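Trainee: Pasting in a structure now, in structure tokens, and then I'll have a few things to ask.
Protein chains: 2
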Amino acid sequence: MKINTLVIVGVGLIGGSIALAARRRGVAARVVGVDRQPDALERALRDGLLDGAYSHLAAAAGLADLLVFCTPVDNIAAQVIESAASCRPGTLLTDAGSTKAAIVREVRGRLPAGVEFVGSHPLAGSEKHGPAHASAHLLEGRLVVVTPEPDTTDNTLSQIRDFWTALGARVQVMDADEHDRALALTSHLPHLLSSALAGILPPELYDLTATGFRDTTRLAAGQPALWSAIFRANQTHLLASLDRLDEQLRRFRDALLQGDQAALEALLQQGKQVRDDLSHR
Amino acid sequence: MKINTLVIVGVGLIGGSIALAARRRGVAARVVGVDRQPDALERALRDGLLDGAYSHLAAAAGLADLLVFCTPVDNIAAQVIESAASCRPGTLLTDAGSTKAAIVREVRGRLPAGVEFVGSHPLAGSEKHGPAHASAHLLEGRLVVVTPEPDTTDNTLSQIRDFWTALGARVQVMDADEHDRALALTSHLPHLLSSALAGILPPELYDLTATGFRDTTRLAAGQPALWSAIFRANQTHLLASLDRLDEQLRRFRDALLQGDQAALEALLQQGKQVRDDLSHR
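Take a look at the structure:
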């Protein structure tokens, strides 16, 4: 696909990083941003993330060859459906949302002929937010999960795959529900835990924290509105992941209650094994 | 206190870092290491962490003005008591253990006249271990909690305080049990959580982890034998901290089950507030 006009909807950390990487790598002839916040657009234009900026989605959608929605997960489906009405036939739409099943389900069967949506999730991010933290390198070497539907053509899937690859990312194709089940454990549960742990620390103990507490709670600095929407969109799988964690915590609790050194060591070794495996990849 | 001979018992990451900082800063005329592992001593001598090395504790204890025990928490009390028998009157002993109450309780009343022990805990560390990772800067600006007993004299406390300050650390004096209660929440619980989370990740999901999972589980790479001993030594307070976390996780679970966006956001905001406060300190 030759992309003349790439439209980024939501010019925050992820949207801004995609825009910047696309400009630097010549992935599109022009990169246009849409955002409801004039400050974000102004900043993105000033920092050279964008060639052009629009405050209204429909106006930009009519120009697009490819639209990428980098907005909160609870807004994406409605924005996709709304903007598709203004798209020319042949326009492709994708997103960068952290959950996929609810979005693809909501969009399914709602787009005009010739306009297609395929869900994507770049596994890249930060507890920081806003276009000021955008980086052309954010996606380099990162995995992007792409979740085609049964009626997605090979040609469409190839175009989406090529887009992410051109930005320096790797692509893995998965079923949307399978994605959500996996990410509940690898991303949403760590966020929930990090936030729960941070939330129970009383101010009088702040001085008694060291790097361990800070690393374990880094994710808790993320934006509550974005993450509560992600949690709700992935409610079932997140609850199932929380059940698995509860079981493991119960094993720790039992071993502690019994003062069972061997059991504690085995549990800690189980965690260390996974962590060491991850470090060596 | 003029320290002629500083003896470091257990020349790993912490012991090695204390030794190196003491040599660089001229805190003692000579720094001597004791370790059961000849490799660790050899490495520490070669890297200039030590002036001298001993494989047997009693031999080194007789030379010491100050001994610092940097061994696993379940070994410290016995080693303190054993070595005190070889110490000259006026020798001071302290440690770097992550728990304090069990150690000071076990040592209490067991030392010869003129030989004193005061518990210490430098809040510095890493998931790495061994003298190869020692750094003269590990303690710089870090907090060391010192836990005197009712019969600890002001002079003795001053000497311990001056020692840690001379290494670049800050000192806070606390009751040993109060220390353990606080560290259960700020250090031991984060370690347990990190390990529990890592432990439930199946290998087929490794590819779907990003920096969030990795940061949240960094602590899980620590040594299981060291941490199971810490958990056991701080059993009661760690269980109480786990109860507090369980309550917070239950609040998240209830909000999720009810799809209660406002409640989820409030819980996430509570964690963010603490995390942001910590970042701005």
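Chains A and B are the protein sequences, given in the same order.
In terms of my numbering, the first sequence is residues 1 to 281.
In terms of my numbering, the second sequence is residues 282 to 562.
Glycine included, every Cβ here is placed at the ideal spot set by N, Cα and C.
On a predicted model such as this, the values are computed, not experimentally measured, just so you know.
Are the beta-carbon atoms belonging to ASP346(B) and LEU287(B) less than 8 Å from one another?
Mentor: yes
Trainee: Using a beta-carbon distance below 8 Å, is LEU167(A) in contact with chain B?
Mentor: no
Trainee: Give every residue of the same chain whose Cβ lies closer than 7 Å to the Cβ of VAL104(A), excluding the five residues on either side of it in the sequence, and list them in chain order.
Mentor: GLY119, THR147, GLU149, ALA176
Trainee: Scan the stretch 548 to 562 of chain B for residues whose Cβ lies nearer than 9 Å to a Cβ of chain A and list them as they occur along the chain.
Mentor: LEU548, LEU549, GLN550, GLN551, GLY552, LYS553, GLN554, VAL555, ARG556, ASP557, ASP558, LEU559, SER560, ARG562
Trainee: Thinking C-beta only, is ALA40(A) closer than 8 Å to ALA233(A)?
Mentor: No. Outside cutoff.
Trainee: Pick helix, strand or coil for ASP276(A), following the three-state DSSP scheme.
Mentor: helix
Trainee: Between GLU323(B) and chain A, is any beta-carbon pair separated by less than 8 Å?
Mentor: no
Trainee: Cβ atoms of ASP316(B) and VAL349(B): under 8 Å apart, would you say?
Mentor: Result no, Cβ atoms of VAL349(B) and ASP316(B) do not sit closer than 8 Å.
Trainee: Counting only runs that start and end within the stretch 34 to 64 of chain A, where is the alpha helix (DSSP H) found for 4 or more residues in a row?
Mentor: 38 to 46, 57 to 61
Trainee: Let me know if ARG88(A) comes out buried or exposed under the rule of 16 or more other beta-carbons within 10 Å of its beta-carbon.
Mentor: exposed
Trainee: Suppose the cutoff is 6 Å on Cβ atoms and the five residues either side in sequence are ignored; what does the same chain contact list for THR91(A) look like?
Mentor: ALA64, VAL115
Trainee: Consult DSSP for GLN159(A) and reduce its assignment to one of helix, strand or coil.
Mentor: Note: GLN159(A) maps to helix in three-state DSSP.
Trainee: Does the distance from the C-beta atom of ALA44(A) to that of ALA60(A) stay below 8 Å?
Mentor: no
Trainee: Mind checking who ALA147(A) pairs with in its DSSP beta bridge?
Mentor: Residue identity differs from the one stated: residue 147(A) is Thr in this sequence, not Ala. By DSSP's assignment, THR147(A) forms a beta bridge with GLY119(A).
Trainee: In this structure, what does DSSP give as the bridge partners for GLY80(A)?
Mentor: Sequence inspection shows Val at residue 80(A); the Gly mentioned does not correspond to that position. Listed as beta-bridge partners of VAL80(A) by DSSP are no residues whatsoever.
Trainee: Take the Cβ of ARG218(A) as the centre, count every other Cβ of all protein chains shown within 10 Å, and call the residue buried at 16 or more, exposed below.
Mentor: buried
Trainee: Tell me the DSSP bridge mates of ALA266(A)?
Mentor: Within the DSSP bridge table, the entry for ALA266(A) names no partner.
Trainee: Is SER509(B) closer than 8 Å to GLN261(A) when the C-beta atoms are compared?
Mentor: yes
Trainee: Let me know the secondary structure DSSP gives ILE481(B) once reduced to three states.
Mentor: coil
Trainee: Using 8 Å as the threshold, is the C-beta distance between SER336(B) and SER468(B) below it?
Mentor: Cβ atoms of SER336(B) and SER468(B): not closer than 8 Å.
Trainee: Just to make sure I have the definition right: I need the residues of chain A whose C-beta is within less than 8 Å of the C-beta of LEU466(B). Which are they?
Mentor: Under the 8 Å cutoff, chain A gives ILE200, LEU201, LEU205.
Trainee: Just how far apart, CA to CA, sit LEU566(B) and ALA544(B)?
Mentor: Only positions 282 to 562 of chain B appear in the structure, and residue 566(B) is not among them; the question remains open.
Trainee: On the CB-based measure, 16 or more other CB atoms within 10 Å of its CB, does LYS272(A) come out buried or exposed?
Mentor: Buried, because 16 or more other Cβ atoms sit within 10 Å of the Cβ of LYS272(A).
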